[in-house]
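In what follows, a single structure is set out as structure tokens and then discussed.
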Amino acid sequence: MDLIQIKGGNFLEGEISISGSKNASLPMIIASLLTRDKVKIRNIPNLSDVSTLLKLIKSLGSEFELKNEDNSSYKLIVQTKEIKNNIASYDLVRKMRASFWVLAPLILRYGEAKVSLPGGCAIGIRPINFYLSILEKMGASIKIKDGYVQASIKSNLQPINYKLDFPSVGVTHFFLMISSLVEGESIIRNAAMEPEIISLASMLNKMGAKITGHGTDKIVINGCSKLKGADTKIPPDRIEAGTFALAVATTGGKLKLKSINIKEIEILKDVLKNTDVEIKSSENFIEIIKKNRVIHPTDIETKPYPGFPTDLQAQFMALMAYSNGKSKIKETIFENRFMHVQELVRLGAKIKLNGDTAIVNGVKKLYGAPLMATDLRASASLIIGALRAEGTSTIRRVYHLDRGFDKIEQKLSSCGAIIERKRDNNE
Ligand code: EPZ
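Numbering-wise (the numbering used here), the sequence shown opens with residue 8 and increments by one.
Right, here's the structure in full:
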């Protein structure tokens, strides 16, 4: 296994091109299984979550080719003429929650499916009750046995009008995929409004579905009996962009982030301004300028889009660890997404937990320490903390990081960070 070593203290200066979005890639790759035709997906990032998913879809019958588009991204040409296997095994699904969504194409194209209960980042209980209730309402029979969801249909699934109790991203993706191939009008209310939903809906529309309202909380899907191939592109990763923005806000310096969609990080832009960071931006780039290292304490509360993303909460906490006062960070999406706190404390951060809220008392200096990554975004927060800490930090279990950040060490070191990946001989 690898570890990452960081010698903190340098300012970050330079330009970074943002890669394709992990959380858009995963549902879009799965959606390719809804058709027998060839699907082309450009700007695929180089991430272990993508490789895990490709292994899974191969096991189900997909054939694909990954072509290097330039040095930084891939073009996926995928075709699933036939679903040859309707079982998504524990080994492949446990690594990543999004794998569970293959249940949609499997049941639609095979009539029955067996998909392992999902794994993924350990950030809360993460139930699947909404998925099951949608399938049941559409007419599928469901059983949970031996750690697998077993679903089957006797006749065609029925379109439904469904109101989510919470605007779940995954469930909205799942609903769009499944109802695109259910003839008639399905409606999802209190739907997630995340940009990744818009990307998936646009792809499904190219494939022949008729989806309207994506990007709002009510999406209407006029499903059809057959979808066709499409040529589509993964949008930039707003969480990767936000992570680098928070990194330079913490270390100081000047970073230009290119190939972004500024509208998708509007909330972060506002929050960063409150922390006393200077920002210049246009539609597809943002420049973050932090001349001094004085950070104003700022409270945030994570919320579904367009609110502050839970996927940037850990990274924001690393910034607040260095603020010149007290801030409150409230996590409202996942009940256990504070695993990074104990590691930031190892750097010397002063953070207390009170239920769903972390109270951060900023300090002037943190000091390098041995650290352990606990989940994907937690890993990024440790990197940010270590980039400014005095001395050297080592971050172990960076396989979490590789799930969702494409070449993060190369990108940071090209902007002045002293960061190196090494073999971990102690694991
Ligand atoms: C997606 O996870 C993202 N994953 C997560 O990204 C992200 O943190 C999350 O949305 C919230 O934005 C991908 O897109 C692959 P949810 P998802 O369903 O879909 C509850 C990252 O670091 N819920 O929107 O699994 C659930 O427990 C990550 O890239 C139910 O109660 O999240 C949670 O409290 C990790 N029942 C809330 O909804 C259900 O059946 C929101 O979760 C489903 C969800």
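Positions of the beta carbon are idealized from the N, C-alpha and C atoms, including for glycine.
Keep in mind the model is a prediction, meaning the values are calculated, not measured.
Endpoints, beta strand (DSSP E) assigned at residue i
i: residue 150; result: 148-152
i: residue 76; result: Here residue 76 belongs to no beta strand (DSSP E), and DSSP marks it neither H nor E.
i: residue 377; result: 377-379
i: residue 400; result: 399-403
i: residue 281; result: Segment 273-281 is the alpha helix (DSSP H) holding residue 281; no beta strand (DSSP E) there.
i: residue 238; result: 237-240
i: residue 368; result: 364-368
i: residue 106; result: Here residue 106 belongs to no beta strand (DSSP E), and DSSP marks it neither H nor E.
i: residue 64; result: First-last for residue 64: 55-67, but that is the alpha helix (DSSP H), not the beta strand (DSSP E).
i: residue 360; result: 357-361
i: residue 227; result: 225-230
i: residue 325; result: Premise fails: residue 325 lies in the alpha helix (DSSP H), 320-327, not in any beta strand (DSSP E).
i: residue 46; result: 45-51
i: residue 193; result: 191-196
Through-space distance from residue j to residue i, alpha-carbon basis
i: residue 25; j: residue 161; result: 45 Å
i: residue 246; j: residue 391; result: 14 Å
i: residue 149; j: residue 114; result: 11 Å
i: residue 264; j: residue 173; result: 32 Å
i: residue 81; j: residue 332; result: 44 Å
i: residue 220; j: residue 194; result: 10 Å
i: residue 244; j: residue 288; result: 17 Å
i: residue 408; j: residue 257; result: 19 Å
i: residue 374; j: residue 20; result: 22 Å
i: residue 214; j: residue 286; result: 39 Å
i: residue 420; j: residue 10; result: 16 Å
i: residue 382; j: residue 175; result: 20 Å
i: residue 312; j: residue 242; result: 16 Å
i: residue 14; j: residue 368; result: 24 Å
i: residue 100; j: residue 62; result: 10 Å
i: residue 77; j: residue 361; result: 47 Å
i: residue 207; j: residue 30; result: 10 Å
i: residue 142; j: residue 190; result: 15 Å
i: residue 133; j: residue 181; result: 15 Å
i: residue 424; j: residue 57; result: 27 Å
i: residue 184; j: residue 400; result: 43 Å
i: residue 284; j: residue 252; result: 10 Å
i: residue 203; j: residue 16; result: 35 Å
i: residue 138; j: residue 112; result: 14 Å
i: residue 32; j: residue 73; result: 14 Å
i: residue 22; j: residue 384; result: 22 Å
6 Å Cβ shell around residue i - same chain, five flanking residues per side excluded
i: residue 37; result: 108 and 109
i: residue 463; result: Look at the range of the chain in this structure, 8 to 434, and you will see that residue 463 is not part of it.
i: residue 44; result: 235 and 236
i: residue 46; result: 39, 85, 236 and 237
i: residue 426; result: 13, 416, 419 and 420
i: residue 55; result: 409 and 410
i: residue 271; result: 202 and 245
i: residue 432; result: none
Neighbourhood of residue i by C-beta, 7 Å cutoff - its chain only, sequence neighbours within 5 removed
i: residue 339; result: 308, 309, 310 and 363
i: residue 335; result: 306, 364 and 366
i: residue 379; result: 350, 403 and 404
i: residue 35; result: 48, 206, 207, 210, 239 and 241
i: residue 123; result: 95, 96, 97, 100, 101, 154 and 155
Limits of the alpha helix (DSSP H) - the one that residue i falls within
i: residue 9; result: Counting along the chain, residue 9 falls outside any alpha helix (DSSP H), though it belongs to the beta strand (DSSP E) covering 9-14.
i: residue 98; result: 97-100
i: residue 21; result: Where residue 21 is concerned, there is no enclosing alpha helix (DSSP H), although the beta strand (DSSP E) it sits in stretches over 19-24.
i: residue 165; result: First-last for residue 165: undefined, no H or E at that position.
i: residue 391; result: 383-395
i: residue 182; result: 176-187
i: residue 254; result: 245-258
i: residue 138; result: 136-145
i: residue 203; result: 202-213
i: residue 30; result: 29-38
i: residue 450; result: Limits of the chain in this structure are 8 at one end and 434 at the other, which puts residue 450 out of reach.
i: residue 292; result: Per DSSP, residue 292 belongs to no alpha helix (DSSP H); it is in the beta strand (DSSP E), 292-297.
i: residue 353; result: 346-353
i: residue 406; result: 406-409
Neighbourhood of residue i by C-beta, 8 Å cutoff - its chain only, sequence neighbours within 5 removed
i: residue 196; result: 168, 169, 170, 171, 224 and 225
i: residue 269; result: 276, 288, 289, 290, 291, 292 and 293
i: residue 370; result: 328, 329, 355, 356 and 357
i: residue 278; result: 305, 307, 315 and 323
Residue i Cβ short of 7 Å to the ligand PLP heavy atom set
i: residue 411; result: The ligand PLP is not part of the structure shown, which contains the ligand EPZ as its ligands.
Exercise. Is there contact between the stretch 156-172 and the stretch 297-308, where contact requires at least three CB pairs shorter than 8 Å?
Worked result: no
Exercise. Is the number of C-beta pairs between the stretch 224-231 and the stretch 396-415 that are closer than 8 Å three or more?
Worked result: no
Exercise. Per the contact definition of three or more C-beta pairs closer than 8 Å, is the stretch 336-356 in contact with the stretch 381-389?
Worked result: The stretch 381-389 is in contact with the stretch 336-356.
Problem set entry | Stretch pair the stretch 54-73 + the stretch 88-95: three plus CB contacts closer than 8 Å | yes
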